[in-house]
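S.K.: Mind having a look at this structure? Questions to follow.
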Amino acid sequence: MNILLSIAITTGILSGIWGWVAVSLGLLSWAGFLGCTAYFACPQGGFKGLLISVCTLLSGMVWALVIIHGSALAPHLEIVSYVLTGIVAFLMCIQAKQLLLSFVPGTFIGACATFAGQGDWRLVLPSLALGLIFGYAMKNSGL
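Now the structure itself:
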């Protein structure tokens, strides 16, 4: 059996299991799939890729919360939100100079999940984290 077929089979099985786990635990299944996607897309594999994915997803969540809470400080001045978003987007990219934050798409995935989860980091965090673990299992079980 070739590698792609092996990964496809295990990904299919584990995706179904993730769907059940997410619903059973009251988590965001879509956010879990974003965590899974982050690991699959990270150029580094293995434990190093997992660590980089964790760090970038978490940093993205933090940056999203900075935008959410920073924008709330001046809700009547929309320009503040726009400027803050621009500054934070710059910082999300420039932080990639650090190895553990070098996967820029992971940072944006973490931020997008947080925005889509309406800033509820207590729900987004475990959803992304478990999804990331499932992604690690999916990609590595087929090899």
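Using UniProt numbering, read the sequence shown as starting at 1 and increasing by one per residue.
Quick reminder that beta carbons are idealized off the backbone N, C-alpha and C, glycines included.
Alpha carbons only, please: which of Leu27, Gly110, Ala116 is nearest the one belonging to valine 54?
M.R.: Gly110
S.K.: Return the first residue and the last residue of the alpha helix (DSSP H) that cysteine 42 is part of.
M.R.: Taken as a continuous stretch (DSSP letters only), cysteine 42 belongs to no alpha helix (DSSP H), as it is neither H nor E.
S.K.: So what's asparagine 140 in DSSP terms, helix, strand or just coil?
M.R.: helix
S.K.: Rounded to the nearest angstrom, how far is the Cβ of leucine 128 from that of glycine 12, given a contact under 8 angstroms?
M.R.: The C-beta separation of leucine 128 from glycine 12 comes to about 21 angstroms, leaving the pair out of contact by the 8 angstroms criterion.
S.K.: Looking only at its own chain, which residues have a Cβ that is under 7 angstroms from the Cβ of serine 59, when we skip the five neighbours before and after it?
M.R.: Taken in chain order, the residues that qualify are Gln95, Leu101, Thr107, Gly110.
S.K.: Do the CB positions of glycine 131 and leucine 123 come within less than 7 angstroms of each other?
M.R.: no
S.K.: Between the alpha carbons of alanine 72 and leucine 27, how many angstroms are there, rounded?
M.R.: 26 angstroms
S.K.: With the cut-off set at 7 angstroms, would you say cysteine 42 and phenylalanine 134 are in Cβ contact?
M.R.: no
S.K.: For cysteine 112, which of Tyr136, Leu57, Trp18, Gly86 has the nearest alpha-carbon?
M.R.: Considering only alpha carbons, the answer is Leu57.
S.K.: So what does DSSP say about histidine 69, is it helix, strand or coil?
M.R.: In this structure, DSSP gives histidine 69 a helical state, which the three-state scheme calls helix.
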